[in-house]
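Number of protein chains: 2
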Amino acid sequence: MNDCWMITFLYYGCRTRGEHMRITKEHDVRRNEILDTAEMLFETKGYSNTTVNDILREVNIAKGTFYYYFKSKEEVLDAVIERHLEKGLERAEAVKKRKDLSPAEKLTQVVLVLRMAGPKSEVVDELHKPENALMHQKSLGGIIRGLVPILNEIVEEGIRAGVFSTPFPEQTVRIMLAAALTLTDDAMFSYTQEERQQLLEAIVYSLETLLGAERGSLGLKTHLLQGERGEEEKA
Amino acid sequence: MNDCWMITFLYYGCRTRGEHMRITKEHDVRRNEILDTAEMLFETKGYSNTTVNDILREVNIAKGTFYYYFKSKEEVLDAVIERHLEKGLERAEAVKKRKDLSPAEKLTQVVLVLRMAGPKSEVVDELHKPENALMHQKSLGGIIRGLVPILNEIVEEGIRAGVFSTPFPEQTVRIMLAAALTLTDDAMFSYTQEERQQLLEAIVYSLETLLGAERGSLGLKTHLLQGERGEEEKA
DNA sequence: TCACGACCGACCGACCGTCGGTCGAACTAT
DNA sequence: ATAGTTCGACCGACGGTCGGTCGGTCGTGA
Chain U
5 MNDCWMITFL YYGCRTRGEH MRITKEHDVR RNEILDTAEM LFETKGYSNT
55 TVNDILREVN IAKGTFYYYF KSKEEVLDAV IERHLEKGLE RAEAVKKRKD
105 LSPAEKLTQV VLVLRMAGPK SEVVDELHKP ENALMHQKSL GGIIRGLVPI
155 LNEIVEEGIR AGVFSTPFPE QTVRIMLAAA LTLTDDAMFS YTQEERQQLL
205 EAIVYSLETL LGAERGSLGL KTHLLQGERG EEEKA
Chain L
5 MNDCWMITFL YYGCRTRGEH MRITKEHDVR RNEILDTAEM LFETKGYSNT
55 TVNDILREVN IAKGTFYYYF KSKEEVLDAV IERHLEKGLE RAEAVKKRKD
105 LSPAEKLTQV VLVLRMAGPK SEVVDELHKP ENALMHQKSL GGIIRGLVPI
155 LNEIVEEGIR AGVFSTPFPE QTVRIMLAAA LTLTDDAMFS YTQEERQQLL
205 EAIVYSLETL LGAERGSLGL KTHLLQGERG EEEKA
C-alpha cells in the first residue's frame with residue numbers, strides 16, 4: 005500500500021504540473037466536493053458563465069469523473085438548489101414547531117431565517133440577469149413549492165388562534181410569497197434604498213391586510229430584511 | 005443591367021436547391037423578417053433550443069447577414085420581447101383612456117387584453133422551464149416595469165373616485181402583478197383545473213381586499229383567464 | 001448623354017474557439 | 001477477478017468572426 009503511494013508520488017514528482025494524480029475518494033465525499041465547488045462558482049460567476057471545465061479545474065478531477073457523478077451540468081444545478089432548499093426548509097420547519105412564538109412571530113422569523121442563507125448572499129455577483137435566469141427560476145419554483153405548505157400551516161394555526169382570518173389561507177401565502185421573492189430578486193429589479201424600504205413596507209402591510217392580522221403584528225423589523233448578510237466560508 | 009439579372013437567374017436555376025440567391029432588401033424589412041421568424045421559433049421550440057442556424061435556414065439568409073443586423077442571439081430575444089411589450093402596453097394604455105369604463109372594469113379589461121396576446125398563447129409549446137427561463141424572466145421584468153405605472157394610474161383614478169382605497173397604490177399593483185404573472189406561468193407551475201381556478205379566485209379576492217374595492221367589483225370573469233386555449237366549458 | 005469607376009450597404013459562408021457531453025482504457029481496493 | 005472509480009482524448013453542435021462579394025448609386029469627365 006505504501007509502495008503504491010511512493011510510486012504515485014514519484015510519478016507526480018516528475019511532472020511539473022499537478023496533473024495526472026489519481027485520487028480515489030468515497031462516493032459522497034467526491035460528490036459533495038463537486039457540489040460545493042459548483043455552488044461557489046455558480047454564485048461567483050453565474051450559472052451559464054461557469055464552465056464544466058471550470059469546475060473540473062477547481063475540484064481537480066477529469067471530465068469523466070464529473071459525468072460519472074452527474075449526468076449533466078444542469079443536474080448539478082438542480083442538486084445545488086435542492087441542497088440549499090432542504091437546509092432552508094428544515095430551518096423553516098423548526099421555526100414552525102417552536103412553542104415560544106406566536107403565529108405572527110413565526111412568520112417573520114421564517115422570513116428572517118431564510119434571508120440569512122437564502123439563494124443569494126455572496127459578494128461579487130453583480131453579474132445579473134442572463135447568466136442566472138435558470139438558477140433563479142428553479143430556486144423560486146422550489147422555494148414556493150416547499151415553503152407554501154409550511155407557511156400555510158402557520159397561518160392555519162393563526163386562524164385557529166383567532167389572530168388571522170382569510171378565506172384563502174394557502175393561496176394568500178402563495179401569492180405573497182411569490183410576489184416577495186420575485187420583487188426582491190436583485191437579478192431582476194434594482195431599487196434605491198427608499199424604494200426598497202417602501203416595497204418591503206407594502207409587502208408587510210399587504211400580508212397583514214390579507215391575513216386579517218393586527219396592524220404591525222408582522223414586520224416592524226423590515227429593516228433587517230435588507231441589511232445583513234450571513235458569511236460562511238470554509239476550506 | 006437586365007443581363008445581370010439573367011445571369012443571376014440562370015445561375016440560380018442551375019442549383020437544385022434555393023441556395024446562393026443573393027437577395028437584397030431594405031434594412032427594416034430584413035430586420036423584421038428575422039424578428040418574426042425568431043419569435044415564431046422561440047415560441048415553438050423554446051429560446052435555448054432555437055439555433056441561430058435554425059433562424060438562418062428559415063429566413064434564408066447567411067450567418068453574416070444575421071450578425072449584420074444583430075450582435076448576438078440574445079439581442080434578438082430582447083428585440084422580440086421589446087416588440088411584444090410595446091404592443092401590449094399600447095393596448096393597456098388605450099384601455100386606461102377609455103371613458104366608458106369604471107376603474108375596476110379597466111383593471112379587468114387590461115388583464116383580459118394582455119392575456120389575449122401575452123407572452124404566451126401559442127399552441128405546441130409544452131416544452132417548459134429550462135429552455136425559456138431567460139425569455140420568461142426578461143418578459144416578466146419588462147411587463148412589470150411597463151405595466152405598473154399604467155395600472156397605478158388606473159388605481160389612483162379609482163382612489164380619486166372613491167371606489168379604491170389603499171395607502172400603497174403603486175406597490176400594491178406591483179405586488180399583485182408580480183404574484184399573478186409568476187404564479188400563472190405554466191413554465192414554472194402546473195395546476196389542476198380546480199387549483200388554477202382557486203388561485204385566480206384568490207388573486208382577484210386579494211386584489212379587491214388590498215385595493216379596498218367592493219367585493220366582486222373585479223374579476224367575476226376569472227374563468228376567461230384560463231380559457232385562451234379555445235376550451236371553455238364551465239361558466 | 002453616357003460610360004466608368006469609386007463607394008457603400010447588404011450579403012455571403014468558410015472558419016474558429018468553446019462548450020457540454022461520450023467513451024473505453026486504466027487504475028484501485030477488496 | 002471484478003466492481004467501483006478515475007482519466008483524458010475525442011466529438012459534434014453551437015454562437016460568433018472575418019475577409020470578401022455583389023449590385024445599386026452617384027459624381028465626374030468625355
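From first to last, the protein sequence lines are chains U and L. The working numbering numbers the first residue of the first sequence as 5 and each following residue consecutively. The working numbering numbers the first residue of the second sequence as 5 and each following residue consecutively. Glycine residues also receive a C-beta, built at the ideal position from the N, C-alpha and C atoms.
My assumption, with CB atoms under 8 angstroms, is that residue i sits in contact with residue j. Please give the rounded CB distance.
{"i": "A183(U)", "j": "I207(U)", "result": "7 angstroms"}
{"i": "G216(L)", "j": "T170(L)", "result": "6 angstroms"}
{"i": "F70(U)", "j": "V56(U)", "result": "6 angstroms"}
{"i": "L81(U)", "j": "L138(U)", "result": "7 angstroms"}
How is residue i classed by DSSP in three states: helix, strand or coil?
{"i": "K77(L)", "result": "helix"}
{"i": "F46(U)", "result": "helix"}
{"i": "H132(L)", "result": "coil"}
{"i": "E109(L)", "result": "helix"}
{"i": "T20(L)", "result": "At T20(L) the pLDDT is 33, less than 50, meaning the model places this residue with poor confidence; the figure from the coordinates comes in the next sentence. Coil at T20(L), not helix or strand."}
{"i": "T69(U)", "result": "helix"}
{"i": "G162(L)", "result": "helix"}
{"i": "M139(L)", "result": "helix"}
{"i": "V208(L)", "result": "helix"}
{"i": "T196(U)", "result": "coil"}
{"i": "K101(U)", "result": "helix"}
{"i": "I148(L)", "result": "helix"}
{"i": "K29(L)", "result": "coil"}
{"i": "V114(L)", "result": "helix"}
{"i": "V167(L)", "result": "coil"}
{"i": "A217(U)", "result": "coil"}
{"i": "N64(L)", "result": "coil"}
{"i": "A191(L)", "result": "coil"}
{"i": "N156(U)", "result": "helix"}
{"i": "N53(U)", "result": "coil"}
{"i": "G92(U)", "result": "helix"}
{"i": "L222(L)", "result": "coil"}
Give me, in chain order, the residues of the same chain whose beta-carbon lies closer than 7 angstroms to that of residue i; leave out the 5 immediate sequence neighbours on both sides.
{"i": "R34(U)", "result": "Y73"}
{"i": "E97(U)", "result": "I154"}
{"i": "A165(L)", "result": "P107"}
{"i": "N136(U)", "result": "G50, Y51, A191"}
{"i": "F168(U)", "result": "P107, V159, G162, L215, G216, A217"}
{"i": "A42(U)", "result": "I59, V80, V84"}
{"i": "P173(L)", "result": "N156, V159, E160, I163"}
{"i": "G146(U)", "result": "I85, L89"}
{"i": "I196(U)", "result": "For the sequence presented, residue 196(U) should be read as Thr rather than Ile. Counting only Cβ-Cβ distances below 7 angstroms, and skipping sequence neighbours, we find nothing."}
Within its chain, find whatever has a CB closer than 8 angstroms to the CB of residue i; leave out the 5 residues flanking it on each side and keep chain order.
{"i": "E212(L)", "result": "E218, R219, G220, S221, L222, G223"}
{"i": "I148(U)", "result": "R178, L181, A182, L185"}
{"i": "V128(U)", "result": "The predicted model places V128(U) with a pLDDT of 44, which falls under 50 and marks its position as unreliable, so this point remains unresolved."}
{"i": "H140(U)", "result": "P123, D189, A191, M192"}
{"i": "K4(U)", "result": "Chain U is shown from 5 up to 239; residue 4(U) falls before or after that span and cannot be answered."}
{"i": "L105(U)", "result": "V99, Q113"}
{"i": "A66(L)", "result": "L60"}
{"i": "K142(L)", "result": "L81, D82, I85"}
Who are the near neighbours of residue i in its chain, counting only those whose CB is closer than 6 angstroms to its CB and skipping five residues on each side?
{"i": "G92(L)", "result": "L118"}
{"i": "Y209(L)", "result": "none"}
{"i": "L144(L)", "result": "L185"}
{"i": "A46(U)", "result": "Ala is not the amino acid found at residue 46(U); the sequence shown has Phe there. These residues qualify, in order along the chain: T54."}
{"i": "H132(L)", "result": "A191"}
May I ask you to list, following chain order, the residues of the segment 193–225 of chain U that have a beta carbon less than 8 angstroms from some beta carbon of chain L?
F193, Q202, L203, E205, A206, I207, Y209, S210, T213, L214
Pair every Cβ in the segment 54–70 of chain U with every Cβ in the segment 146–162 of chain U, then say whether three or more of these pairs are closer than 8 angstroms.
A contact is defined here as three or more CB-CB pairs under 8 angstroms, and the segment 54–70 of chain U fails this definition with respect to the segment 146–162 of chain U.
Which residues, in chain order, does the segment 143–162 of chain L contribute to contact with chain U at a C-beta distance below 9 angstroms?
L144, G145, I148, R149
Contact residues within the segment 71–90 of chain U, judged by C-beta distance below 8 angstroms to chain L:
Result list: E78.
Near-chain L residues of the segment 94–123 of chain U - C-beta to any C-beta below 7 angstroms
none
If contact means a Cβ-Cβ distance below 9 angstroms, which residues of the segment 171–185 of chain L contact chain U?
P171, F172, E174, Q175, T176, R178, I179, M180, L181, A182, A183, A184, L185
Below 8 angstroms between beta carbons is the criterion; list the residues of the segment 23–37 of chain U that meet it against any residue of chain L, in chain order.
none
Selection of the segment 41–59 of chain L by Cβ proximity to chain U, strictly under 8 angstroms
Answer in chain order: no residues at all.
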